């Protein structure tokens, strides 16, 4: 898009969740809401360059989209068509009261409903992510297909199936109760976290061919934060994502190989994102209502505050993982705690934490990678080699496999030297 018209693209992207959410409430059909919004966008691309932006782009798009959809439904009855572009560019009489209504509770409920529909519990996680990226973020099917490394046709089918499932589901459109809203909110937060993890696990060599999922997840988390400005767990989620993403430029070398946290060039970390994340964490902690996202963000904050690896407060990180285990028991959380244990008490103590997880995490790449590293540090080379061989078989990316090959090469050199 021409740089002079970039403001239109930004305005349409920003208004999309609000506009589609309101249109969904009005028509109670996701396909109709999407088509109405697309019609409004086409009219905006014609009218706004000539007449300038409306006072409230979302209100404009909702009004024009609603009229376009109603006009399409009435064509068979030969009713009046839409007003001219000149009239559509001057909606002052209707825009003000509509914008006023959008500032009420409907605004939040519309967007929350739209997000909740995308992460409906009947949808598999992969469909939740794809539907949210298509409907809420507005990414093309081609972009999403590249992100998931599948064909465009396969992704089109996945999104179509998700929409069909949503259409069959009995989703209420009235304003949810406070209890229902809380349940929906946590489902939405989980979906956003999945979107982020999908992008975060991308290898550097794949990044150019895949969309910036981390950026989209952060944008959705910031949107939730605006909707729920006093909810500490939403602050915690946003803080966690920006703190994790602050290290993006330092996580891979030029060949796409993984650079471990202790070996990263910390001057490449984004101080802007770190500042945002730390401010959010400080604000969340004042509420004194800790939750899983806040605890994970607090761990990320301790890494972000350490100017050098040696400055990292691993003892506090271990305590935070213990708190996280109590809130949400999980073998993966225990595995992460083992890393902190290794820093505080040494590899033998960490291995004692890791080994009981074998049955639960036998198919998990990071379990065997960490176990191999601990065994290697303890000088148990044969066992370390077996763990690394298992890890390389489970590697999800070329970067993960290359990292384990480095360990195996190191073991081979040690054996030769011995």
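In this note's numbering, the protein residues as written are 2 to 419.
Even glycine gets a Cβ: it sits at the ideal position worked out from N, Cα and C.
Predicted, not measured: the structure shown is a model, and the values here were computed from it.
Buried or exposed (CB count within 10 angstroms, at least 16 for buried), residue i
{"i": "residue 255", "result": "exposed"}
{"i": "residue 111", "result": "buried"}
{"i": "residue 297", "result": "buried"}
{"i": "residue 400", "result": "buried"}
{"i": "residue 150", "result": "exposed"}
{"i": "residue 370", "result": "buried"}
{"i": "residue 377", "result": "buried"}
{"i": "residue 116", "result": "buried"}
{"i": "residue 233", "result": "buried"}
{"i": "residue 164", "result": "buried"}
{"i": "residue 337", "result": "buried"}
{"i": "residue 37", "result": "buried"}
{"i": "residue 155", "result": "exposed"}
{"i": "residue 55", "result": "buried"}
{"i": "residue 141", "result": "exposed"}
{"i": "residue 281", "result": "buried"}
{"i": "residue 68", "result": "buried"}
{"i": "residue 44", "result": "buried"}
{"i": "residue 349", "result": "exposed"}
{"i": "residue 11", "result": "exposed"}
{"i": "residue 6", "result": "exposed"}
{"i": "residue 312", "result": "exposed"}
{"i": "residue 330", "result": "exposed"}
{"i": "residue 158", "result": "exposed"}
Local conformation of residue i per DSSP, three classes
{"i": "residue 253", "result": "strand"}
{"i": "residue 137", "result": "helix"}
{"i": "residue 151", "result": "coil"}
{"i": "residue 12", "result": "helix"}
{"i": "residue 7", "result": "helix"}
{"i": "residue 364", "result": "coil"}
{"i": "residue 123", "result": "coil"}
{"i": "residue 229", "result": "coil"}
{"i": "residue 434", "result": "There is simply no residue 434 to check, as the chain begins at 2 and stops at 419 in what is shown."}
{"i": "residue 185", "result": "helix"}
{"i": "residue 170", "result": "coil"}
{"i": "residue 292", "result": "coil"}
{"i": "residue 40", "result": "helix"}
{"i": "residue 202", "result": "coil"}
{"i": "residue 349", "result": "helix"}
{"i": "residue 335", "result": "helix"}
{"i": "residue 381", "result": "coil"}
{"i": "residue 395", "result": "coil"}
Proximity of residue i and residue j at Cβ, strictly below 8 Å
{"i": "residue 237", "j": "residue 292", "result": "yes"}
{"i": "residue 167", "j": "residue 130", "result": "no"}
{"i": "residue 244", "j": "residue 274", "result": "yes"}
{"i": "residue 388", "j": "residue 373", "result": "yes"}
{"i": "residue 239", "j": "residue 250", "result": "no"}
{"i": "residue 323", "j": "residue 314", "result": "no"}
{"i": "residue 217", "j": "residue 138", "result": "yes"}
{"i": "residue 192", "j": "residue 294", "result": "no"}
{"i": "residue 170", "j": "residue 120", "result": "no"}
{"i": "residue 321", "j": "residue 300", "result": "yes"}
{"i": "residue 148", "j": "residue 214", "result": "yes"}
{"i": "residue 383", "j": "residue 358", "result": "no"}
Sequence-distant residues of its chain with Cβ nearer than 7 Å to residue i (five each side left out)
{"i": "residue 34", "result": "21, 24, 25 and 28"}
{"i": "residue 1", "result": "The requested residue 1 is not part of the displayed model; the chain covers only 2 to 419."}
{"i": "residue 143", "result": "153"}
{"i": "residue 241", "result": "294, 297, 298 and 301"}
CB contact check: residue i to chain B, cutoff 8 Å
{"i": "residue 139", "result": "Although the question refers to chain B, the structure presented lacks it and comprises just one protein chain."}
One or two residues paired with residue i in a DSSP bridge
{"i": "residue 243", "result": "The partner list for residue 243 (beta bridge, DSSP) is empty, contrary to what the question assumes."}
{"i": "residue 354", "result": "Its beta-bridge partners do not exist; DSSP assigns none."}
{"i": "residue 259", "result": "253"}
8 Å Cβ shell around residue i - same chain, five flanking residues per side excluded
{"i": "residue 414", "result": "none"}
{"i": "residue 31", "result": "25, 118, 136, 164, 167 and 168"}
{"i": "residue 186", "result": "113, 225, 229, 232 and 235"}
Close Cβ partners of residue i (< 6 Å) along its chain, the five nearest in sequence each way excluded
{"i": "residue 1", "result": "There is simply no residue 1 to check, as the chain begins at 2 and stops at 419 in what is shown."}
{"i": "residue 352", "result": "375"}
{"i": "residue 403", "result": "258"}
{"i": "residue 354", "result": "339 and 342"}
{"i": "residue 344", "result": "315"}
{"i": "residue 362", "result": "332 and 368"}
{"i": "residue 290", "result": "233"}
{"i": "residue 277", "result": "243"}
{"i": "residue 305", "result": "244 and 275"}
Any non-hydrogen atom of the ligand MG within 7 Å of residue i CB
{"i": "residue 178", "result": "Ligands in the displayed structure: none, and consequently the ligand MG is not present."}
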